[in-house]
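Chemist:
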Amino acid sequence: MEPSEVDFAHTDSADRKRREKATELARFAWDRAISGAELLDLPDDRLRKLARAAGANPPSTRETWTVVADLLDQKSTWAAANPDHPQATPAHADEKIMWVKRPIPPWT
Numbered sequence: 069m070e071p072s073e074v075d076f077a078h079t080d081s082a083d084r085k086r087r088e089k090a091t092e093l094a095r096f097a098w099d100r101a102i103s104g105a106e107l108l109d110l111p112d113d114r115l116r117k118l119a120r121a122a123g124a125n126p127p128s129t130r131e132t133w134t135v136v137a138d139l140l141d142q143k144s145t146w147a148a149a150n151p152d153h154p155q156a157t158p159a160h161a162d163e164k165i166m167w168v169k170r171p172i173p174p175w176t
C-alpha cells in the first residue's frame, strides 16, 4: 500500500484514540443523564461545547459521537439491570437542562 493510500482516520491507533475520547465524552454525558438518542440530536455547536466542558477536544467527525451514543446506550442498559448500584444513577442529572432542552409546547 502506498503511503498516500493510507486512511489515517481508520488505523488501529486512530480507532483506539477515538474509543478513548468517546469513553471520556460518554462519562460526562452519562453523568448529566443524556441518552444516546438525545446526544445524536444535538446540533454540532452544542456537541462542541459539551466536548469542551468534558475537557476534550471536540471530535472532528460524527463517527466519534456515534460511538459515544452507543456507549451511553450500553450504560443505560447496564443501569436498568443494576438499579441499586451507585454508578447506575447519573451524578449530575440536574445539569441535563444545560445541554438538552425540552421542546416548548406551542401556544393554543
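Every position in the sequence shown, counted from 1, becomes a number in the working numbering once 68 is added. Glycine included, every Cβ here is placed at the ideal spot set by N, Cα and C. Bear in mind the structure is a predicted one, so any value in this text is a computation, not a measurement.
1. Can you name the start and end residues of the alpha helix (DSSP H) that Asp109 belongs to?
2. So, helix, strand or coil for Pro154, using DSSP?
3. Under 6 Å Cβ to Cβ from His160, same chain only, skipping five residues before and after it: list those, please.
4. Between the alpha carbons of Gly104 and Pro126, how many angstroms are there, rounded?
5. Please classify Arg86: is it buried, with 16 or more other beta-carbons within 10 angstroms of its beta-carbon, or exposed?
6. Could you spell out where the alpha helix (DSSP H) holding Glu54 opens and where it closes?
7. Quick one: Cα of Ala156 to Cα of Ala149, how far?
8. Would Leu140 pass as a contact of Leu107 if the rule is Cβ separation under 8 Å?
Modeler: Well, looking at it:
1. Gly104 to Asp109
2. helix
3. Asp99 and Arg100
4. 17 Å
5. buried
6. Any question about residue 54 goes unanswered here, given that the chain covers just 69 to 176.
7. 9 Å
8. yes
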